[in-house]
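Under my numbering, the first residue of the sequence shown carries the number -3, and numbering increases by one thereafter.
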Amino acid sequence: MRTRRALLVIRHRRQAAGMNALSRREEDTLAKVTKARALRECDPVVKAFAKCAEGRTVSVAWACKEPLKVVQECMMQYTAPEPMEAIRKEYLRLRREQTQNMTPPTTA
């Protein structure tokens, strides 16, 4: 496990190198958080789809086509590439600000 000092050094080096990339963990976390937000925001249409699908198996494919389309359109507002890129940029901006506010560790 990395120490706090090691993490500060890594952040400082990342900032010094001008890296504006997300780690796999950060990317996964942003995707999960964004999907959860989309589900919260789209809750009414998700519930409508769930109600339509209730008690169905194979017939859900054609019986609930319209409610599914509405759910997908709602979710895409939050999870499409353009909104995800805006979220990434905001995350990077916040991370950069946080890194700038930290004092780099001194070597003894």
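We put the CB at the ideal spot given by N, CA and C, even for glycine. Predicted, not measured: the structure shown is a model, and the values here were computed from it.
### Task
With a threshold of 16 other CB atoms inside 10 Å of the CB of Asn16, please say whether the residue is buried or exposed.
Exposed is the call here.
#### Entry: Same chain only: Cβ atoms within 7 Å of Thr75, ignoring 5 sequence neighbours per side
Thr30, Lys31, Ala34
### Task
Could you say which of Thr95, Arg92, Gln94, Arg84 lies nearest to Thr25 if we only look at CA atoms?
Arg84
### Query
Okay, do the region 62 to 77 and the region 40 to 51 touch, 3+ Cβ pairs below 8 Å being the bar?
yes
### Query
What separation, rounded to the nearest whole angstrom, lies between the Cα atoms of Cys38 and Asn97?
36 Å
### Task
Could you tell me the boundaries of the alpha helix (DSSP H) in which Val54 lies?
Val54 -> no alpha helix (DSSP H), and no H or E assigned at all.
### Query
Would you report the Cα separation of Glu93 and Leu18, rounded to the nearest angstrom?
15 Å
### Task
Below 8 Å on the Cβ atoms is my guess for Ala49 versus Val56; work out the distance and round it to an integer in Å.
5 Å
#### Entry: Under the three-state DSSP convention, the category Leu35 falls into
helix
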